[in-house]
Amino acid sequence: MTEVLRIESLHKRYSHDSSEVHALKGVNIVVKQGEFVSLMGPSGSGKSTLLNVLGCLDRPTEGSYHLGGEDVSRMGDDQLSSIRSRYLGFIFQQYNLLPQYTVVENIEIPLIYQGIRLDSESRARCVGLAELVGLGHRLDHRPMQLSGGQQQRVAIARSLVNRPQLILADEPTGNLDTKTSHEIMTLLSKLNMSGKTIVMVTHENDIAKWSKRIVRMRDGVIESDEANTPDPIDESGPGLPMHLLEEAA
Amino acid sequence: MDAFSVALVSGLACLAVFLATTDKGRRGLELALRSLWLHKLRSFLSMLGIIIGTSAVIILMAFGEGSERDVLEDIKRLGTTNIIIRSVKPPDDSNTNRRQMVATYGLTYSDLEVLATIPSITRLVPMRVFPQETRRSDRSHNSRVVATVPQYAEVNDLTLVQGRFLVPDDDERMNNVCVLGQETAKSLFLFEEPLGSSVKLGEFVYVVVGILAERMPTGGTGGSQAAEDFNQDIYIPMQTARGRFGERIQIRSAGSRSAEKVDMHQITVTVEDIDKVRPTGQIIRSILGDTDRHPRQDWALTVPLDRLELVERTKANIRQSLGIYASISLLVGGIGIMNVMLATVTERTREVGIRRALGAKRSDITFQFLIETMVQTGIGGLLGVAFGVAYVFTHAALRTLPMAAMLFQDGSPSPILHVPSITWSLSTAVGVGVIFGIYPALRAAYMDPIEALRHV
Ligand SMILES: Nc1ncnc2c1ncn2[C@@H]1O[C@H](COP(=O)(O)OP(=O)(O)OP(=O)(O)O)[C@@H](O)[C@H]1O
Ligand SMILES: [Mg+2]
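Those protein sequence lines, which keep their order, are chains A and B.
Heads up: the first sequence begins at 1 in my numbering, then just goes up one per residue.
Heads up: the second sequence begins at 250 in my numbering, then just goes up one per residue.
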């Protein structure tokens, strides 16, 4: 399997006024294509910080970060933006849809910044993704009109629209109840099965056990890194025919 | 249109084409319109300064144009190569023979002779004017008798509907002929053919040789000349008037009688070349200013061309104060918009974070907010232009409203749309959008994406 990302002795320090926070203290991790990684650890252990670096939203203070073979740790802001729009998909705990846009329009956003022309073809792709996450009937709805689970599904569809190499999710089920969390996890698992590489931050063991690898952090370093065998997924999960997934991948 | 306006128009057009045809532009425009629509009242209030500024520019420029046209028409009517000398009754007239009540003043035949020796002068048209009753059998008309020379017709651009104007022969032979103004002719001759008939003026009978076409009464502008209604006139040869009426003329008005001895009331001087108008004016001033000739200031000289200069100066003044006025209101408008945009940017911090995470570059964010401000000021500008233009076109109707008398002075000019001012004010409005939008937009673009995403 090819490496999607490689991080070596990564440090991240935040200095505010006189005080300095050492959030990451030498992290080494390699994620290969097709992996589904859960990042766990107590609050303040640096999970989000690491994920932000992985997502090219933040730059490491020290160490190197290779994404798809490219060293992105020293790239400028514009280059990072273009890396984000070409290689990465984001899923957030707060869904982060734009309230003024409809479902399809929200899914379209990454395409705009990729410089892709919005035409009937791109529109069809966005509609397809909405159908993939089971929201084909809510295309013109606004985020306010959707439940949390539905919003998160739109966010998942949006994270897929640019055919990313890597999907990053920071507590994607943090705001959802157990049942909805399971639906979302089913969706992510199926995406992973169709070939998507996923790195997900979570607090909950229940959620982490859906992934194939669990990385535990403490005080800015990786404490343990072990493989996990997920339970077989319930194929009857909502609106997810495998052939659509293949297309999306 | 001048090159400047062309540049502005093409700039605006390029912007519009860019916004309408490119994907990014259309998207930005749509987004801007959408978020403006989302906050209609707020957008409108923040645009108010721009709306007022632009409409004020349009309206004031229109009034400037209107007054310029009025003056130019006036000058054209008076003639750019003309100099007008008038007799003026001195206020403290100690020379009046009190007992006889004869006022003696003004330009004389000798003045006329002297002026005729100035080489640059091509034409001298003297005119003597006095009110007199004109009679035709049992009908009478209070007309204004104008005793003058044949060239009067050229100077005043007279058109005849019938017959001819006075000819040199009439003057030489002191013919008893007259030419009637439209109104005079109408009121004296109901059914008869006026041409060839005779009318009685004073003690003598005059043959009608011509009828003038209807003429627009002039609006007595700038104090150079009283309002004149040429349609009430009756024209007779200068020498005939001198012979028949004598030097003195009795004037009856409102029961009182007065008499005056004035050789001529006005001389219209035509100069061969526009460049010689002012020097000739100086020569005339020095001739008439000789105290032996005119011990009192009983004449006045008007050079219409001087007013042209005055108009240019006034126009420059209007432009300058408009510039200051517009800058202030646009500055205020711009600050208002900037204030609102800063609030908007803060309010949409999270949106900025999301867009950045989804791949938006700083320039994309800058562009998005900048477009929004420009659309806002552009729409404000358009509304202002629409209001201003609407005002200009409805001004005439507005003046007839009952309250209008309080707002408008009587002689105030009516506005004429100054087309370039539309492009100026529109592009200035959009420019204000750029200037005042760039800071909020950059502020949004340079936010830390992670912090922006954490913003509630
Ligand atoms: N912008 C920042 N400035 C200063 N310190 C920061 C900043 N971001 C994070 N930190 C610090 O870095 C450490 C790691 O934070 P991080 O958000 O990565 O924790 P986390 O593992 O995601 O915790 P949680 O599970 O609560 O989300 C914390 O001590 C935090 O206070
Ligand atoms: Mg966190």
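The C-beta atom is built at its ideal place from N, Cα and C for all residues, glycine as well.
Proximity of the beta carbon of A:G26 to ligand 1 is not indicated: no heavy atom of the ligand is located closer than 7 Å.
With a threshold of 8 Å between beta carbons, A:S81 makes contact with chain B.
If you keep only unbroken alpha helix (DSSP H) runs of at least 4 residues inside the region 540 to 592 of chain B, you get nothing at all. Within its own chain, the residues whose Cβ lies closer than 6 Å to the Cβ of B:L327, once the five positions on either side in sequence are excluded, are P553, listed in chain order. In the three-state scheme derived from DSSP, where H, G and I count as helix and E and B as strand, A:I167 is classed as strand.
Separation of the CB atoms of B:L364 and B:I523 is rounded to 19 Å, and the pair is thereby denied contact status at 8 Å. Going by C-alpha positions, B:V255 is about 34 Å away from A:L118. Under the 8 Å criterion on CB atoms, A:D78 is classed as interfacial with respect to chain B. Residue environment: A:D58 is assigned as buried (16 or more neighbouring CB atoms within 10 Å of its CB, all protein chains considered). The beta-carbon separation of A:V133 and A:V154, rounded to 7 Å, stays under the 8 Å limit for a contact. Against chain B, the CB of A:D71 has no partner CB under 8 Å away; the residue lies outside that interface.
Exclusion of the five residues before and after B:Q381 leaves S392, V394, L450 and G451 as the residues of its chain whose Cβ lies within less than 7 Å of its Cβ. At least 8 Å separates the beta-carbon of B:T551 from that of B:V404. Runs of alpha helix (DSSP H) with 4 or more residues, each lying fully within the region 24 to 112 of chain A, are found at 47 to 54 and 77 to 87, listed in chain order.
For ligand 2, no non-hydrogen atom lies closer than 7 Å to the CB of A:V215. For A:K47, the CB falls within less than 7 Å of some heavy atom of ligand 2. Under the three-state reduction of DSSP output, B:Y695 falls in the coil class, being neither helix nor strand. Cβ contact annotation for B:T643 (same chain, cutoff 6 Å, sequence separation greater than five): none. DSSP links A:V201 through a beta bridge to A:L39 and A:D170. Judged by DSSP in its simplified three-state form, B:P689 adopts helix. The C-beta of B:P662 comes no closer than 8 Å to any C-beta of chain A.
In this model, B:L356 and B:L537 are separated by some 9 Å (Cα to Cα). Of all residues in the region 34 to 51 of chain A, none places a beta-carbon less than 7 Å from a beta-carbon of chain B. In this structure, B:A281 sits away from B:P664, with a CB-CB distance that is not shorter than 8 Å. Per DSSP, A:E223 is one residue of the beta strand (DSSP E) stretching across V221 to A227.
Against chain B, a Cβ distance below 7 Å from A:R163 picks out nothing, because the smallest value is about 13 Å. The C-alpha of B:A694 is placed about 10 Å away from the C-alpha of B:Y688. Between B:A396 and B:R377 a beta carbon distance of about 4 Å is seen, short of the 8 Å cut, so the two are scored as contacting. For B:D272, the C-beta contacts it makes with chain A under 7 Å involve R117 and L118, in order along the chain.
Taking a Cβ-Cβ cut-off of 7 Å, B:A592 has no neighbours in chain A, whose nearest Cβ is about 17 Å from it. Interface criterion not met: the Cβ of B:R692 is under 8 Å from no Cβ in chain A.
At a cut-off of 8 Å between beta carbons, B:E600 contacts chain A. For B:N391, the uninterrupted beta strand (DSSP E) run begins and ends at R388 to T397, by DSSP. Within the region 51 to 68 of chain A, N52, G55, L57 and D58 place their CB atoms closer than 8 Å to a CB of chain B, listed in sequence order. Distance check between B:I498 and each of B:Q488, B:A265, B:M487 and B:V511 places B:V511 closest, using alpha-carbon atoms only. A Cβ-Cβ separation of about 10 Å leaves A:T61 out of contact with A:K25 under the 8 Å criterion.
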